[in-house]
Structure formats: C-alpha cells, structure tokens
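S.K.:
In the working numbering, the protein residues as written are 19 to 356.
1. For residue 122, which option in 310, 281, 73 and 47 has the closest C-alpha, if you only look at C-alpha atoms?
2. Going by C-alpha to C-alpha distance, which of 127, 80 and 227 sits closest to residue 277?
3. Where DSSP assigns a beta bridge to residue 140, which residues make up the other side?
4. If I measure Cβ to Cβ from residue 83 and keep anything under 8 angstroms in the same chain, skipping five residues before and after, which residues do I get?
5. Give the straight-line distance between the Cα atoms of residue 179 and residue 147, rounded to the nearest whole angstrom.
6. Check the DSSP bridge columns for residue 166 and list the partner residues they point to.
7. Thinking residue 145 and residue 29 are a contact (beta carbons under 8 angstroms), I'd like their distance in whole angstroms, please.
8. Looking at C-beta atoms only, is the number of pairs between the region 210-218 and the region 235-252 that lie closer than 8 angstroms three or more?
9. Starting from residue 106, trace the alpha helix (DSSP H) in both directions and tell me its first and last residue.
10. Does the beta-carbon of residue 339 have 16 or more other beta-carbons within 10 angstroms, so that it is buried, or is it exposed?
11. Can you tell me whether residue 201 is buried or exposed, with buried defined as 16 or more other CB within 10 angstroms of its CB?
12. By a C-beta neighbour count over all protein chains shown, 10 Å radius and 16 as the cutoff for buried, is residue 89 buried or exposed?
13. CB-CB under 7 angstroms to residue 75, same chain, minus the five flanking residues each way: which ones, in chain order?
14. Are three or more beta carbon pairs between the region 317-326 and the region 344-355 nearer than 8 angstroms?
15. DSSP puts residue 332 in a beta bridge; with which residues?
16. Taking a contact to mean a Cβ-Cβ separation below 8 angstroms, would you say residue 313 touches residue 85 in this structure?
17. Should residue 170 go down as buried or exposed, given a rule of 16 or more other Cβ atoms within 10 Å for buried?
18. Is there contact between the region 98-115 and the region 257-270, where contact requires at least three CB pairs shorter than 8 angstroms?
19. In terms of DSSP beta bridges, what is residue 416 paired with?
20. Under 8 angstroms, do residue 142 and residue 26 count as touching if we go by C-beta distance?
21. Specify, as a first and last residue, the run of the beta strand (DSSP E) that residue 268 falls within.
22. Cα separation between residue 322 and residue 346?
23. Measuring straight from C-alpha to C-alpha, what distance separates residue 247 and residue 95?
24. Just confirm the distance between the C-beta atoms of residue 190 and residue 300, as a whole number of angstroms; I'd bet it's less than 8 angstroms.
25. Rounded to a whole number of angstroms, what is the C-alpha to C-alpha distance between residue 155 and residue 297?
26. To which residues does DSSP link residue 145 through a beta bridge?
27. Helix, strand or coil for residue 305, going by three-state DSSP, please let me know.
28. If you draw a straight line from the alpha carbon of residue 188 to that of residue 343, how long is it in whole angstroms?
29. Can you name the start and end residues of the alpha helix (DSSP H) that residue 216 belongs to?
30. Is DSSP giving residue 273 helix, strand or coil here?
31. Between the alpha carbons of residue 270 and residue 212, how many angstroms are there, rounded?
32. Taking C-alpha atoms, which residue in 243, 173, 66 and 233 lies nearest to residue 149?
33. Kindly indicate which three-state DSSP category residue 87 falls into: helix, strand or coil?
34. Using DSSP bridges, identify the partner residues of residue 112.
35. What do you reckon, are the CB atoms on residue 254 and residue 185 nearer than 8 angstroms?
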C-alpha cells in the first residue's frame, strides 16, 4: 500500500463576502492575532474591537466590493488555481489542499479533518516568501496547536520562507519581462509593511537598523523581514540589469506609526514631484494578486501618482498560478518529502 503525503498551501485570508458584516468578522479574527498586533491582550481587544474594526470595516467593505469578481475574492481563486495545478503535477501520491489563516477555508478546520487519515508526512507551505512572525509564524503556530492534540503525529515539515529560491525569483523575472522597461522612468519594488518592533524582535543583540538590512541578507539578519525583502529587490534588479538609481524599495499598507520605511506611497509622491511620468511596480511579497496589489497599487497609487503630476503606475502581475511557480513549488515539495 502506497503511503500518501499531504501538502497544505496557506494564504492570509479574505472576508467571505464584501458585506460589511463579513468584513468585520474577518478583521476581528485577523487583527486579534497576537502575532499581528503584539501588545497586551486587553489593550489589543480595546484597540481592535473598540476602535480599529468599527472604523475600518465599512470603508474596507467598499474596497472589497470593488475587488470582488464573478469568481469571488482573487486571493481565493488564485490560491485554488495554484492548488489544482500543483495537485496535478504531484500526482496520486500527494493529497493537496489549500487553506486561509483567517476565515475560510479555515486552516484549523482543514488540519482537524486530516487527523486519522494516516498521512506519512504533512508539509505546511505558507505562501509568504519572506518570514514574518505575523504571517509565516502565525501559520506555523496555529498548525502546531492542532497537531499537539493528535495521538498519532506524522512527519511534519514547515516552509518558513522561500524569498531566495530560484523559482520564485525566476517567476517574477518572467512577469517583469512582459513589460518594456525602457518605457518607464523608474521601477518600484513595493513590499507589505510591518511595525519596526516586529523586525527588531528577530535580533538577539541590536536592532534592524544596526545590521545594514538595506544591503541584503547576512547570517545575522537571515530572518529579518526587511533584509529579505531588500535581498529580493537586489536580486530582481540584477536580473533586469537595473542600476541603483533605476529602482527603489518601499513598504506599503501601514496601519500606524513606527512602521518600517521608506513608505511606498511617499516614494511614488516624490517621484511624481521630480517629473517621473511612468512607473513599473512589483509587489513581490504577494504571490497572489489581491486587495493590496490590485486596489492599493493599481488604483490608489495610480490616483496618488496622477495627483502629483505622474501619468501611469503599471502593476506587474503576481505569480498567481504560473507554470514556473507551480513547478518550483513541486520541486521544493519533492525535496522535502521523506
């Protein structure tokens, strides 16, 4: 009898619908995660439940309504497409599913349904290329909470990050090469932001600012989110033959003060003021196009750029379910398989 292995692709999540009530439910679950907002429990409850969610839910619902398609939320159908293609590539020896850390399909419920299925090995693959406690760390911790209750625990493998893997870089290289770089005045690599304290907690000694993270990854900062993001940008810039003056690195989607800089929106504003007319924007922290790429970059940054004299912000499509991404994940999984 052939023993099966199981693979679970995990992305962040999305409301079940763009209705305000569903957006509110999603934000409650997401923002109450102690790895996302890492402050004392009571303060987090007051801040999230009493201030942030009541204020943000109606506004976010309008944005999700713009994002929604006939297939639903893009992060869902892109991840489902990825799962289906990966399942076909891996064959009958692998059971492949996908889940979301927040809302549905639920990570917790999916893993609970696997108990007793006698999988020889389970591979958990968070779809976040750069390690952060708020993303990869949260997925790993939530998974371990389920596994520790099982009587029979199989071989477990977690993928903590893959920002430097060839298939990931090659995938974005291929997406970028669909555009003529000579048509653009500047290239922006925009990554999701994090509070500075999140990256500082990675270090046993010193802070992120003490480790020259803008120069890329070293042994000391290999799990620093900011350093791995810069490393991705540096490697992609080399593939596109970009000089340092040709591109910038920024961080988007900040929720308050004390987030890692420079900010993508400020970079876009400054470039427009300096006379740039056309920008090419990558968002390599997201392997599936979603609200932060399609709406925040594609729409909101376009409006911002025009406001200060620019003309066009061109978003580079994410990896989604591209063949290079699927085949790369397949090879990574096979190498991890026992």
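Just so it is clear, CB atoms sit at the ideal spot from N, CA and C, and this is done for glycine as well.
M.R.: In short:
1. Taking the chain shown and counting its residues from 1, the one referred to as residue 122 is at position 104. With distances taken between Cα atoms, residue 122 lies closest to 47.
2. Locating residue 277 in the chain shown gives position 259, counting from the first residue. When each option's Cα is compared against that of residue 277, the closest is 227.
3. Stepping through the chain shown from its first residue, residue 140 is reached at position 122. In DSSP, residue 140 forms a bridge with 24 and 174.
4. Walking along the chain shown from the start, residue 83 turns up at place 65. Closer than 8 angstroms at Cβ, skipping near neighbours: 36.
5. Within the chain shown, the letter at position 161 stands for residue 179. Within the chain shown, the letter at position 129 stands for residue 147. For residue 179 and residue 147, the distance between alpha carbons rounds to 5 angstroms.
6. Residue mapping note: residue 166 aligns to position 148 of the chain shown, counting from 1. DSSP output for residue 166 lists no bridge partner at all.
7. Sequence index remark: in the chain shown, residue 145 carries index 127 (1-based). Sequence index remark: in the chain shown, residue 29 carries index 11 (1-based). Going by Cβ atoms, the distance from residue 145 to residue 29 rounds to 5 angstroms, so yes, they are a contact pair.
8. yes
9. Reading the chain shown from its first residue, position 88 is the one you call residue 106. Taken as a continuous stretch (DSSP letters only), the alpha helix (DSSP H) holding residue 106 covers 92-108.
10. To locate residue 339, count along the chain shown from 1; it is residue 321. So residue 339 counts as buried.
11. The residue you call residue 201 lines up with position 183 of the chain shown. Answer is exposed; the Cβ neighbour count stays below 16.
12. For this step, residue 89 is matched to residue 71 along the chain shown. Exposed: under 16 other Cβ atoms inside 10 Å.
13. Walking along the chain shown from the start, residue 75 turns up at place 57. These residues qualify, in order along the chain: 38, 41, 42 and 45.
14. no
15. The sequence position of residue 332 within the chain shown is 314, counting from 1. The partner list for residue 332 (beta bridge, DSSP) reads 298.
16. What you label residue 313 is simply residue 295 of the chain shown in a count that begins at 1. What you label residue 85 is simply residue 67 of the chain shown in a count that begins at 1. Taking 8 angstroms as the Cβ cut-off, residue 313 and residue 85 qualify as a contacting pair.
17. The residue you call residue 170 lines up with position 152 of the chain shown. So residue 170 ends up on the exposed side.
18. no
19. Nothing about residue 416 can be reported from this structure: the residues present for the chain run from 19 to 356 only.
20. As a first step, residue 142 must be located in the chain shown, where it is residue number 124. As a first step, residue 26 must be located in the chain shown, where it is residue number 8. Going by C-beta atoms, residue 142 is nearer than 8 angstroms to residue 26.
21. Position 250 of the chain shown, counting from 1, holds the residue named residue 268. Per DSSP, residue 268 belongs to the beta strand (DSSP E) from 265-270.
22. On the chain shown, residue 322 is found 304 positions in, with the first residue counted as 1. On the chain shown, residue 346 is found 328 positions in, with the first residue counted as 1. Taking the straight line from one Cα to the other gives about 36 angstroms.
23. As a working note, residue 247 is residue 229 in the chain shown. As a working note, residue 95 is residue 77 in the chain shown. Rounded to whole angstroms, residue 247 to residue 95 spans 26 angstroms at the Cα level.
24. By one-based count along the chain shown, residue 190 stands at place 172. By one-based count along the chain shown, residue 300 stands at place 282. At roughly 6 angstroms, the Cβ-Cβ gap stays under 8 angstroms, so residue 190 and residue 300 are in contact.
25. Here residue 155 is taken as the residue at index 137 of the chain shown, counted from 1. Here residue 297 is taken as the residue at index 279 of the chain shown, counted from 1. So the two alpha carbons sit approximately 33 angstroms from each other.
26. Position 127 of the chain shown, counted from the first residue, corresponds to residue 145. DSSP lists no partner for residue 145.
27. Looking up residue 305 in the chain shown gives position 287. It is coil, neither helix nor strand.
28. Position 170 of the chain shown, counted from the start, is the residue given in the question as residue 188. Position 325 of the chain shown, counted from the start, is the residue given in the question as residue 343. Their Cα atoms are separated by approximately 8 angstroms.
29. Residue numbering aside, residue 216 sits at position 198 when the chain shown is read from its first letter. 214-218 is the extent of the alpha helix (DSSP H) around residue 216.
30. To locate residue 273, count along the chain shown from 1; it is residue 255. Coil.
31. As a working mapping, residue 270 is identified with position 252 in the chain shown. As a working mapping, residue 212 is identified with position 194 in the chain shown. Those two C-alpha atoms are separated by around 9 angstroms.
32. Stepping through the chain shown from its first residue, residue 149 is reached at position 131. If we check each option's Cα against that of residue 149, 243 comes out closest.
33. Counting from one through the chain shown, the residue named residue 87 turns up at place 69. Correct three-state label for residue 87: strand.
34. As a first step, residue 112 is located in the chain shown; it is residue number 94 there, counting from the start. Looking at the DSSP assignment, residue 112 forms a beta bridge with 23.
35. The sequence position of residue 254 within the chain shown is 236, counting from 1. The sequence position of residue 185 within the chain shown is 167, counting from 1. Contact: no.
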